[in-house]
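Visitor: Before I ask anything, let me first share the structure, which is written out below as structure tokens.
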């Protein structure tokens, strides 16, 4: 493949990365592009933070404080222009920064004869991996991958042993980005450590200096968020973190009978790519491929541990496996197809392979949530969502220029505490958390700030009844029918609509 | 194969290795003695089918099933033994599987012993543990066809890799491995396919097809061919049912048992277990890629098994057993590489090696350890044997069967699946009263009818008529009918009025959602 073997690898990298990068940009900046519901949920939470509300006091979620700090950036910039545009710009800039930093990292010449990876191949792999997760842009796992990629490449380049070490500024930048990525959610540090274990086993040694810089960056982020408001961390450690951990061993009986999305086809693809990657190339040539295989496997384990099958929980696995696929294909083509045309065919093939199927049109057309919101509320009014899988509701509320006013962004903790209680008595922390949440939801509903309440039916209605919250709802709101939205994991999520009396 | 002289001064690692293997092999033996009635649905139904076969019933005509018959033939061994020593067939079956594990381990150990001077001998002890640990972690799926496959195939797997490494494989061992593998791969078509792909992988890895003709391959191929040829001896009637009914219904109606991936995640912790194991094992395989030529075939086996499990598309956890073995082989290989590094005093590898070994030891311990149920509150005299068993091992219908029938009576359960009819009928020491030992055919036919009514509707009528005919002919003492799915289906065809006039309704079992009828 001539383009890859040219004497000017940077030029080749640009040539190869350009088609998928342009496609990503075209998709991202097209007016039809809508961010994944999870991104919209956290963007709105960040809006509330910027408006002076406090996590765990004015609203509640299992997310990490650092996550909201990151989502606050586009929200803050939205004072100058449209929020969607600032968010798109932020994601795009993160992608380009990730790509550029990685290119700079692999510019150093390896001392050994076999380079860990060529920069054109790497550029193409990063762009194609991003293209594959295009529908999940802006979700937490996607941001994590953008922040982690330069660090992983840096670690491989370092472990392979380079004559001229990577510039310290670049190391610090990559470490800071990786640390920020790990601060986004609890299990991400485990993903990084899993990858570090791989390096330890493969190379029999670790580069302590880089890890020290990473640890310092992580500590600084931690310190920074503590200094911002220590009470948030108290809430996090006392309530949110134990519940987040408990969620990994929780089986949601409500998912029985759900069929969407069916990730079996992805798993076939996953297995075949792993097999092909293992067969293609020898040990010396495949270090980066192996690292991304390990990343994909840890992403798969994380997806399984989340236990709900949601598409935004499989982003790491998809990103890792497409990265692996591209590098393996390039390796194969380099051996068998020595023509420049491969440089054109390959990106096109990847684009075809990674095309993400969209929701069936008939199901999207069956959504009635928009009508309920439009007919029963005005622009700028608040809407409370009480749902275990609320993302789609936030997405529609945001698109229709209303404001979410829920205390509990996601009702999962309430369900989790209830189900834990069925097995054994709650401990003191869990009990106080449960009582606090119930009191706050009661207060939220009694305040009648929200014009509408969207209550996921029938499971959350049942949960409200169990917790004795039905009365406060009935006292302040009157039933106004039902609506539905196409969403994971039920396929069709039903909401009962309540209007302020 | 590179060989190096083994130091005779350093025999302690071998002694420790043997002790560990023996401990892991025998640690669960008391459990199976203490649980003479512990068995699950599929395994028990094949024991009942084997019993019918020994009584002269014709396969597929008098004993209906969707699977190839080899599993029924194999199950005749514990049935004959149980009759000889007058012990519960379930206990004899479990101990037979245990014996098979011993046979497989001994054969593998003998093959390893013949290659004890190989350069990668440090892999041998951990490898020996892989199928043992896999066996010891099985409860629900102990003795399933996938479990038998891994036990029967593993010595062959080892034998083939050592053969390509130019190892020393004594002919007797190769022949035995070939015989066992032939039985294993003949159990299901996908096992044969797995073995075939693995063979191709080995040829690709060593860039040679010369070893296709090795003695173990010849034996395996010959016996598999003989098994395939034996189908012509089954008789026209059996083949007609197999090819014209069983397999068309299976291929068109199996989707009834398919579930979504998310539902699997939400239903069972054991559904997620192979995926966690896969993530760990494949990560190790990538980390240690190239350290041993065993990694490539083990990875191939693992990922082909993953594809096979995905293809099943159900929450039948036994489909994941080959994947579990593949993962355990990869973990064992990693531990072996660590051992090698440790004994070669490569200081830089010492720390990670020790960490890996400790982790592996903890993992093994966690995997094989299982508390035995000590509440022995069921007197086996109720089913014609001496001794006691934990009642927690008994299936839902056993109390009702024991209360309303005698040992040796015929009983029919007509439901949507194998459970809870089996293992209840076998645990109660009763006999099947119909050619349909399980009712899987009914919902599958309903799915088939949605696809092709003209072809499958007459089959459904025939199956229900066969059930009726069996009731009239065999005069079972008890008939359990599933309330949710079967009762409405039978009511449409006036089954009770036509065939069960001599029966009275005696009880509803809410937990099993079925109604019990007893002959007057």
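Chains as they are written, first to last, in our numbering: chain A, 1 to 501; chain B, 1 to 520.
We treat Cβ as the ideally placed atom computed from N, Cα and C, and that holds for glycine.
Does chain A have any CB closer than 8 Å to the CB of residue 2 of chain B?
Guide: In the second chain, residue 2 of chain B corresponds to position 2, counting from 1. Caution is warranted here: a pLDDT of 44 is assigned to residue 2 of chain B, below 50, making its placement in the model unreliable, and the coordinate value is therefore given only provisionally. So, not an interface residue.
Visitor: Taking only runs of the beta strand (DSSP E) that begin and end inside the stretch 405–493 of chain B, which ones reach a length of at least 3 residues, in chain order?
Guide: Taking only runs of at least 3 residues, the beta strand (DSSP E) segments lying wholly in the stretch 405–493 of chain B are 410–414, 478–482.
Visitor: From this set, B/77, B/106, B/105, B/102, which residue's C-alpha is nearest residue 92 of chain B's C-alpha?
Guide: The residue you call residue 92 of chain B lines up with position 92 of the second chain. With distances taken between Cα atoms, residue 92 of chain B lies closest to B/77.
Visitor: Tell whether a beta-carbon distance below 8 Å holds between residue 398 of chain B and residue 434 of chain B.
Guide: Looking up residue 398 of chain B in the second chain gives position 398. Looking up residue 434 of chain B in the second chain gives position 434. Cβ distance not < 8 Å, so residue 398 of chain B and residue 434 of chain B don't count as in contact.
Visitor: Identify which residue in B/186, B/35, B/69, B/224 has its Cα closest to the Cα of residue 49 of chain B.
Guide: Along the second chain, one-based indexing puts residue 49 of chain B at 49. Per the Cα distances, B/69.
Visitor: Can you check which of these residues, A/167, A/99, A/168, A/107, is closest to residue 145 of chain A by C-alpha distance?
Guide: For this step, residue 145 of chain A is matched to residue 145 along the first chain. Measuring from the Cα of residue 145 of chain A, the nearest candidate turns out to be A/99.
Visitor: With residue 278 of chain A as the anchor, note down where its alpha helix (DSSP H) starts and where it stops.
Guide: Within the first chain, numbered from 1, the residue matching residue 278 of chain A stands at position 278. Per DSSP, residue 278 of chain A belongs to the alpha helix (DSSP H) from 264–279.
Visitor: Over the uninterrupted beta strand (DSSP E) stretch that includes residue 454 of chain A, give me the two end residues.
Guide: In the first chain, the residue the question calls residue 454 of chain A occupies position 454. 450–457 is the extent of the beta strand (DSSP E) around residue 454 of chain A.
Visitor: Can you name, in chain order, every residue of its own chain whose Cβ lies under 6 Å from the Cβ of residue 305 of chain A, other than the five neighbours on each side?
Guide: Taking the first chain and counting its residues from 1, one reaches residue 305 of chain A at position 305. Answer for residue 305 of chain A: 248, listed in chain order.
Visitor: Do we get a CB-CB distance below 8 Å when we pair residue 263 of chain B with the residues of chain A?
Guide: For this step, residue 263 of chain B is matched to residue 263 along the second chain. Yes, its Cβ sits closer than 8 Å to a Cβ of chain A.
Visitor: Taking 6 Å as the limit between beta carbons, can you name the residues of its chain near residue 227 of chain B, skipping five residues before and five after?
Guide: As a working mapping, residue 227 of chain B is identified with position 227 in the second chain. Cβ within range, chain order: 186.
Visitor: Count the other CB atoms, across all protein chains shown, that sit within 10 Å of the CB of residue 244 of chain B; report buried if there are 16 or more and exposed otherwise.
Guide: Along the second chain, read from residue 1 onward, the residue named residue 244 of chain B stands at position 244. Residue 244 of chain B comes out exposed.
Visitor: With the cut-off set at 8 Å, would you say residue 375 of chain B and residue 392 of chain B are in Cβ contact?
Guide: As a first step, residue 375 of chain B must be located in the second chain, where it is residue number 375. As a first step, residue 392 of chain B must be located in the second chain, where it is residue number 392. The answer is yes: Cβ separation under 8 Å.
Visitor: Quickly, what does DSSP pair residue 53 of chain A with across the bridge? List them, please.
Guide: Locating residue 53 of chain A in the first chain gives position 53, counting from the first residue. None, per the DSSP bridge assignment.
Visitor: If we call anything under 8 Å between Cβ atoms a contact, is residue 456 of chain A one with residue 495 of chain A?
Guide: Counting from 1 along the first chain, the entry for residue 456 of chain A is found at position 456. Counting from 1 along the first chain, the entry for residue 495 of chain A is found at position 495. In contact: residue 456 of chain A and residue 495 of chain A (Cβ atoms closer than 8 Å).
Visitor: Put residue 499 of chain A into one of helix, strand or coil per three-state DSSP.
Guide: As a working mapping, residue 499 of chain A is identified with position 499 in the first chain. It is a strand residue.
Visitor: Give the straight-line distance between the Cα atoms of residue 111 of chain B and residue 171 of chain B, rounded to the nearest whole angstrom.
Guide: Looking up residue 111 of chain B in the second chain gives position 111. Looking up residue 171 of chain B in the second chain gives position 171. The straight-line gap from Cα to Cα measures roughly 10 Å.
Visitor: Going by DSSP in three states, residue 499 of chain B sits in which element: helix, strand or coil?
Guide: Locating residue 499 of chain B in the second chain gives position 499, where the first residue counts as 1. Helix, per DSSP.
Visitor: The beta strand (DSSP E) spanning residue 482 of chain A covers which residue range?
Guide: Translated into positions along the first chain, residue 482 of chain A becomes position 482. It spans 477–487 - the beta strand (DSSP E) in which residue 482 of chain A sits, taken as one unbroken run.
Visitor: So, with DSSP's three-state summary, where would you put residue 377 of chain B?
Guide: As a first step, residue 377 of chain B must be located in the second chain, where it is residue number 377. If DSSP states are grouped into helix, strand and coil, residue 377 of chain B belongs with coil.
Visitor: Could you tell me which of A/388, A/155, A/244 sits nearest to residue 462 of chain A, measuring between CA atoms?
Guide: Position 462 of the first chain, counted from the first residue, corresponds to residue 462 of chain A. Minimum Cα distance to residue 462 of chain A is reached at A/388.
Visitor: Mind listing which residues of the stretch 301–317 of chain B have their C-beta closer than 7 Å to chain A's C-betas, in chain order?
Guide: Those would be 303, 306, 307, 310, 313, in chain order.
Visitor: Count the other CB atoms within 10 Å of the CB of residue 239 of chain A; is the residue buried (16 or more) or exposed (fewer)?
Guide: The count along the first chain starts at 1 and reaches residue 239 of chain A at position 239. Looking at its Cβ environment, which holds 16 or more other Cβ atoms inside 10 Å, residue 239 of chain A is buried.
Visitor: Could you give the uninterrupted runs of the alpha helix (DSSP H) lying entirely in the stretch 231–278 of chain B, keeping only those of 4 residues or more?
Guide: For the stretch 231–278 of chain B, whole alpha helix (DSSP H) runs of length 4 or above, ordered along the chain, are 236–241, 247–253, 261–267.
Visitor: Answer yes or no: do residue 171 of chain A and residue 157 of chain A have a C-beta to C-beta separation smaller than 8 Å?
Guide: Numbered from its first residue, the first chain carries residue 171 of chain A at position 171. Numbered from its first residue, the first chain carries residue 157 of chain A at position 157. Contact: no.
Visitor: When DSSP builds the beta bridges, which residues end up paired with residue 404 of chain A?
Guide: Taking the first chain and counting its residues from 1, one reaches residue 404 of chain A at position 404. DSSP output for residue 404 of chain A lists A/383 as bridge partner(s).
Visitor: What is the residue span of the alpha helix (DSSP H) that residue 203 of chain A lies within?
Guide: One-based indexing of the first chain puts residue 203 of chain A at position 203. Element bounds for residue 203 of chain A: 188–203.
Visitor: So what's residue 396 of chain A in DSSP terms, helix, strand or just coil?
Guide: Within the first chain, the letter at position 396 stands for residue 396 of chain A. Note: residue 396 of chain A maps to helix in three-state DSSP.
Visitor: Just tell me which of A/19, A/61, A/252 has its CA closest to the CA of residue 308 of chain A.
Guide: Here the question's residue 308 of chain A lines up with position 308 in the first chain. Here the closest residue by C-alpha is A/252.
Visitor: For residue 517 of chain B, which beta-bridge partners are listed by DSSP?
Guide: The count along the second chain starts at 1 and reaches residue 517 of chain B at position 517. Bridge partners of residue 517 of chain B: B/479, B/505.
Visitor: In its own chain, which residues sit with a C-beta less than 7 Å from the C-beta of residue 72 of chain A, not counting the 5 before and 5 after it?
Guide: Numbered from its first residue, the first chain carries residue 72 of chain A at position 72. Counting only Cβ-Cβ distances below 7 Å, and skipping sequence neighbours, we find 46, 49, 50.
Visitor: On the DSSP bridge assignment, give the partners of residue 494 of chain A in chain order.
Guide: If you number the first chain from 1, residue 494 of chain A lands on position 494. The partner list for residue 494 of chain A (beta bridge, DSSP) reads A/457, A/484.
Visitor: Below 8 Å, how does it come out for the stretch 401–410 of chain B and the stretch 447–459 of chain B: are there three or more Cβ pairs, yes or no?
Guide: No, the stretch 401–410 of chain B is not in contact with the stretch 447–459 of chain B.
Visitor: Any chance the stretch 198–210 of chain B sits against the stretch 126–140 of chain B, with 3 or more Cβ pairs inside 8 Å?
Guide: Counting Cβ pairs under 8 Å, fewer than three are found: no touch.
Visitor: Where residue 522 of chain B and residue 139 of chain B are concerned, what is the direct C-alpha to C-alpha distance, given to the nearest angstrom?
Guide: The structure shown does not extend to residue 522 of chain B, since chain B spans only 1 to 520, so no value can be given for it.
Visitor: Let me make sure I understand the geometry here. Which of A/25, A/415, A/121, A/450 has the alpha-carbon closest to that of residue 333 of chain A?
Guide: One-based indexing of the first chain puts residue 333 of chain A at position 333. The residue with the shortest Cα to Cα distance from residue 333 of chain A is A/121.
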